[in-house]
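Here's the structure we're looking at; comments come further down.
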Amino acid sequence: MDQKVLVLNGDYTAITLCSVQKAFVLLYLDKAEMIANSDHGTLRTISHTYPKPSIIRLQRYVRVPYKGIALSRHNIMKRDHFECQYCGSTKNLTLDHVLPRSRGGDSSWTNLLTACSRCNHAKGHRTPDEAGLHVRQKPKKPTLAGFLKLSAGTLDHHWHAYLN
342 MDQKVLVLNG DYTAITLCSV QKAFVLLYLD KAEMIANSDH GTLRTISHTY PKPSIIRLQR
402 YVRVPYKGIA LSRHNIMKRD HFECQYCGST KNLTLDHVLP RSRGGDSSWT NLLTACSRCN
462 HAKGHRTPDE AGLHVRQKPK KPTLAGFLKL SAGTLDHHWH AYLN
């Protein structure tokens, strides 16, 4: 039951992920309709069996003020797949400013990346080029659809049409 369900707005745009339980409640109260069933089992009550939802669509369009993905340590590491962006290590991870703060670098999606403590210490107050380090993936701000893919863990094959 720890699977996620993709929630679409009234206009079929992806807005969030929710638990199977929450999706079932929305379906049961007629606040949403099922777009696709999950291939992984069913939901059972004492007297009924229901298909497990994979994608639901809200009956009414809900205006969602988009504030963007929150800039946080966890979200940066999630964006970088919990790997050092210099050597690929997954141990002793920290955050690194590509352009160091001491040289005017800010704390933003495009200036922060995940680095192991060894690479971060070797880089010091220099840029990656000055330190002789190669950045594996240039840091950028994630899109909502891309971040939902990262948050879901395993993607249901039904979701691809709505997250691309």
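Residues are numbered in our numbering as their position in the sequence shown, beginning at 1, plus a constant of 341. No residue lacks a Cβ here, since even glycine has one placed at the ideal position from N, Cα and C.
Collapsing the DSSP output to three states places Leu485 in a helix. In the same chain as Ala456, and ignoring 5 residues on each side of it, the C-beta atoms closer than 8 Å to its own belong to Cys425, Gln426, Tyr427, Leu434, Thr435, Leu436, Asp437, Lys464, in chain order. When the five nearest sequence neighbours on each side are left out, the beta carbons in the same chain lying within less than 8 Å of the beta carbon of Lys363 are those of Val346, in order along the chain. The segment 435 to 486 contains, as complete beta strand (DSSP E) runs of 3+ residues, the segments 453 to 457 (chain order). Restricting attention to Ile396, Ser413, Thr468, Thr431, the CA atom closest to the CA of His499 is found in Ile396. Annotated three-state conformation of Leu491 is helix, per DSSP. Lys393 places its beta carbon less than 7 Å from that of Leu384. For Arg385, the enclosing beta strand (DSSP E) covers residues 373 to 385. Of the residues Asn350, Met375, Tyr353, the one whose Cα lies closest to the Cα of Val361 is Met375. Counting only residues of its own chain and dropping the five nearest sequence neighbours on each side, Tyr407 has a CB closer than 8 Å to the CB of Leu485.
Ala377 is classed as buried because its beta carbon has at least 16 other beta carbons within 10 Å across all chains shown.
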